[in-house]
Ligand code: HMG
Ligand code: MG
């Protein structure tokens, strides 16, 4: 098992994209800046997607323009097509992410095209990014289950992950979009996908709907994965995955990893403060057990 683990913070995008209340640009920027200041080296900052489909991400250009970028920190943004890519390039994004799904129904609901069509849309995006020196990350959603089709076979995941990798993505993030998978299933899925993509180029993206995310991360770590997506204060869900809860909380992941002797480079106390701050801003109790435990200990 590797000694250091990369955390890809997705709260400002995957977390906030699902919020119904309006969140102003200043709050989004402060969130991203606080996360970077807490030692996270990758903070997904937004998405250049249709504002009709995901209104909360509409101001990503303003967020990117306002953000004080820290040295050595990457701020990826989602780009589903060339229009999104043009927005990302104008915003001087250092990294973009293209996003496919292992389920046909989810692909249609999420990006309004089939899986095969999505690959054709992504190809010119990746080509343009390569020319412009912008890094490309790839996502595969629904790797352990789909809100519309139920169980998804690993046979649908591995070739798609391989296609994105072969297209030029430096990393493929495997999304349990509805947080339904278990450690045994995650392990089997990673083993199958690792035949198409080097395991060191895989990332785990576990939502925590069924409370399985930490166990799934541990199973993936044992298989050689060393990059994980997580969301401060477990923010989020997906607008096209009804009932899905947020990603696993960054605070909980960092607590587990650092407590197991694995380095993340993140400052747990600063993350907890940031998680409590954004939870208060959004008017809800923080779901991170680590944050709640620390808060209770402070109040004794
Ligand atoms: P469409 O309606 O098929 O697009 O949407 P279109 O090409 O037919 O264009 C229709 C209109 O949208 C046009 O405007 C375009 O200009 C505009 P109009 O002429 O009607 O005024 N448009 C855009 N506007 C802004 N940015 C763009 C863009 N593209 C077209 N990039 C589209 C197709 C992909 C755009 C749409 O379906 C969309 O934006 N989907 C985004 C969905 C999304 O963001 N989902 C959440 C992220 S995925 C996720 O959360 C999963 C993940 O976390 C991993 C996991 O958990 O599994 C990554
Ligand atoms: Mg997600």
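In our numbering, the protein residues as written are 248 to 547. Think of the CB as a built atom: it goes at the ideal place given N, C-alpha and C, for glycine as much as any other residue. Computed from a predicted structure; not experimentally measured.
Heavy atom of ligand 1 within 7 Å of residue i beta-carbon
i: residue 542; result: no
i: residue 312; result: no
i: residue 463; result: no
i: residue 261; result: yes
i: residue 459; result: no
i: residue 475; result: no
i: residue 354; result: no
i: residue 330; result: yes
i: residue 553; result: The first residue shown for the chain is 248 and the last is 547, placing residue 553 beyond what the model contains.
Rounded straight-line distance, which links the Cα of residue j to that of residue i
i: residue 537; j: residue 522; result: 11 Å
i: residue 317; j: residue 408; result: 31 Å
i: residue 458; j: residue 426; result: 8 Å
i: residue 439; j: residue 414; result: 19 Å
i: residue 473; j: residue 544; result: 31 Å
i: residue 402; j: residue 423; result: 15 Å
i: residue 433; j: residue 379; result: 35 Å
i: residue 406; j: residue 445; result: 13 Å
i: residue 258; j: residue 276; result: 12 Å
i: residue 325; j: residue 431; result: 30 Å
i: residue 502; j: residue 315; result: 27 Å
i: residue 254; j: residue 384; result: 14 Å
Candidates the options, of which the one nearest residue i by Cα
i: residue 387; options: 312, 410, 376 and 542; result: 410
i: residue 373; options: 313, 431, 456 and 343; result: 343
i: residue 550; options: 519, 476, 450 and 444; result: Residue 550 lies beyond the residue range present for the chain, which begins at 248 and ends at 547; the question has no answer from this structure.
i: residue 265; options: 480, 283, 288 and 304; result: 304
i: residue 321; options: 529, 399 and 382; result: 382
i: residue 533; options: 446, 493 and 401; result: 493
i: residue 346; options: 439, 294 and 401; result: 294
i: residue 526; options: 482, 500 and 497; result: 482
i: residue 299; options: 258, 319 and 357; result: 357
i: residue 400; options: 351, 360, 255 and 288; result: 351
i: residue 464; options: 349, 515, 421 and 281; result: 421
Closer than 7 Å: residue i CB and nearest ligand 2 heavy atom
i: residue 424; result: yes
i: residue 494; result: yes
Neighbour flag for residue i against chain C, beta carbons, 8 Å
i: residue 314; result: Chain labels in this structure do not include chain C; a single protein chain is all it has.
**Q.** Segments of 3+ residues assigned as beta strand (DSSP E) that fall wholly inside the stretch 333-387
**A.** Entirely contained in the stretch 333-387, the beta strand (DSSP E) runs reaching 3 residues are, in chain order, 342-348.
**Q.** Whole runs of the beta strand (DSSP E) within the stretch 250-291, excluding any shorter than 3 residues
**A.** Complete beta strand (DSSP E) runs here, min 3: 253-256.
Q. Can you give, in chain order, each stretch of the beta strand (DSSP E) that sits fully within the stretch 390-449 and has at least 3 residues?
A. You should have 418-423.
**Q.** Sequence ranges, alpha helix (DSSP H) only - wholly within the stretch 289-319, length at least 4
**A.** DSSP runs (the alpha helix (DSSP H)) wholly in the stretch 289-319: 307-313.
Q: Report the residue ranges of all alpha helix (DSSP H) runs contained in full by the stretch 452-507; include only those spanning at least 4 residues, in chain order.
A: For the stretch 452-507, whole alpha helix (DSSP H) runs of length 4 or above, ordered along the chain, are 460-469 and 497-506.
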